[in-house]
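Encoded as structure tokens, the structure appears first; notes follow it.
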Amino acid sequence: MKQYEAVIQTLERLGGVATLGQLNQEVFKIKDCEWKTKTPFASIRRIVQENENIYKIKPGLWALKSHKKELEQKGIIVETEKNKNSKEVIEFNHSYYQGLLVSIGNLKKLGTFVPNQDKNKMFLHEKLGDMRTIQNLPNYSYDSFVSRSSTIDVIWFNERNMPDSFFEVEHSTDIQNSLMKFYDLQDFYTRMFIVADERRHEEYNKKLGFSSFAKMKNDKRVEFLSYDELERQYRQTIELQNIHTLIL
């Protein structure tokens, strides 16, 4: 079997759509295909970029053209200038990046939580509620703090059920609202991230510059994580895991 055929077959098996990370994880399970190269991940990336049967949905997310209509009916849509503010695109983007964050947390063996209000939202073909490893938010502190964090888009927990990282995905909503949540939770030894398109970085800097958030800014308590950087870290986390598997 040729390498491009293995990639297409893997996409078929994954429902016609997959992240580059998923392809890197799954394509080597096909025993009929040999990857005699020192850079197999680069080869997969080249195939999805060049093969006429595959199209790009967003950075790091690829699909088969034969499944395009079916995927669009499920809300897996290519964002354009015309549809970027539609409810379907906004919901797809939000749950997609939540899914990437949950996936990374799971790969890192951390506990992962998404709010119950989001548990039925989809990351491609999987419910976020089925991906998270923690179904009920741990009582890690006073009720007021636990309640305040209950709507944070993704939380990673360490082995002691203390929050390791808070993530707020800001595709179209006001970044200031998320900064207010982080302000109320800043006394925890927890990393805090605003996840958004790079185009919103300037807006993030402006909002973080408000006097209310001066201490958080000076102490560097909050970080901006772009969608592209999140996708890169997700892909590299999977690639690193695969390399360790090959070595062992």
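Take the sequence shown: its letters are residues 10 to 257, numbered as in our numbering.
Quick reminder that beta carbons are idealized off the backbone N, C-alpha and C, glycines included.
Since the structure is predicted, the reported quantities are computational estimates derived from the model, not experimental observations.
Subject >> Euclidean distance between Cα positions of L257 and Q250 >> reply: Because L257 carries a pLDDT of 41, less than 50, the predicted location of this residue cannot be relied on, and the following value inherits that uncertainty. For L257 and Q250, the distance between alpha carbons rounds to 11 Å.
**OP:** Round the Cβ separation of K1 and I161 to the nearest angstrom and send it over; I've been treating them as touching at under 8 Å.
**Re:** No answer is possible for residue 1: the residues shown for the chain start at 10 and end at 257.
Subject >> Three-state secondary structure (DSSP) of E100 >> reply: helix
Original post:
Should D41 be flagged as near chain B, meaning a C-beta pair shorter than 8 Å?
Top reply: The displayed structure is made up of one protein chain only, and chain B is not part of it.
Original post:
If we count the other Cβ atoms within 10 Å of its Cβ and call it buried at 16 or more, is R141 buried or exposed?
Top reply: So R141 ends up on the buried side.
Original post:
Rounded to a whole number of angstroms, what is the C-alpha to C-alpha distance between N177 and M131?
Top reply: Inspection of the sequence shows that residue 177 is occupied by Glu rather than by Asn. If you take the alpha carbons of E177 and M131, they lie about 17 Å apart.
Original post:
Taking the runs of the beta strand (DSSP E) that are 3 residues or longer, which of them lie wholly in the segment 12 to 78?
Top reply: 26 to 28, 63 to 67 and 70 to 73
Original post:
Straight-line CA distance for V26 to A15?
Top reply: 14 Å
**OP:** Run through the segment 85 to 133 for me and flag every whole alpha helix (DSSP H) of 4 or more residues, listed as ranges in chain order.
**Re:** 96 to 116
Original post:
Short check: CB of Y192 to CB of F222, under 8 Å?
Top reply: yes
Original post:
Based on the DSSP secondary-structure assignment, which residues constitute the bridge partners of F7?
Top reply: Beyond the ends of the chain as shown, which are 10 and 257, falls residue 7; an answer cannot be given.
Original post:
Out of curiosity, what's the CA-to-CA distance linking I56 and S95?
Top reply: 31 Å
**OP:** Could you name each continuous beta strand (DSSP E) segment of 3 residues or more that falls completely within the segment 205 to 249, going from the start of the chain to the end?
**Re:** 231 to 235
Original post:
Does the distance from the CB of I143 to the CB of F166 come in under 8 Å?
Top reply: yes
**OP:** Say whether the segment 214 to 228 touches the segment 112 to 129, bearing in mind that this needs 3 or more beta-carbon pairs closer than 8 Å, one atom from each stretch.
**Re:** no
**OP:** To the nearest angstrom, report how far apart P68 and K224 are at their CA atoms.
**Re:** Approximately 34 Å between the Cα atoms of the pair.
Original post:
Near K65, which residues of its chain fall below 7 Å by C-beta distance, leaving aside the five closest residues on each side in sequence?
Top reply: W71
Original post:
Leaving out the 5 sequence neighbours to the left and right, which residues in its chain are closer than 8 Å to I63 when beta-carbon positions are compared?
Top reply: Once the five neighbours on either side are set aside, the close Cβ partners of I63 are V16, I17, L20, I56, V57, W71, A72, L73 and K74.
Original post:
Going by other Cβ atoms of all chains shown within 10 Å of its Cβ, with 16 needed for buried, is R102 buried or exposed?
Top reply: The question names Arg, yet the displayed sequence has Asn at residue 102. So N102 counts as buried.
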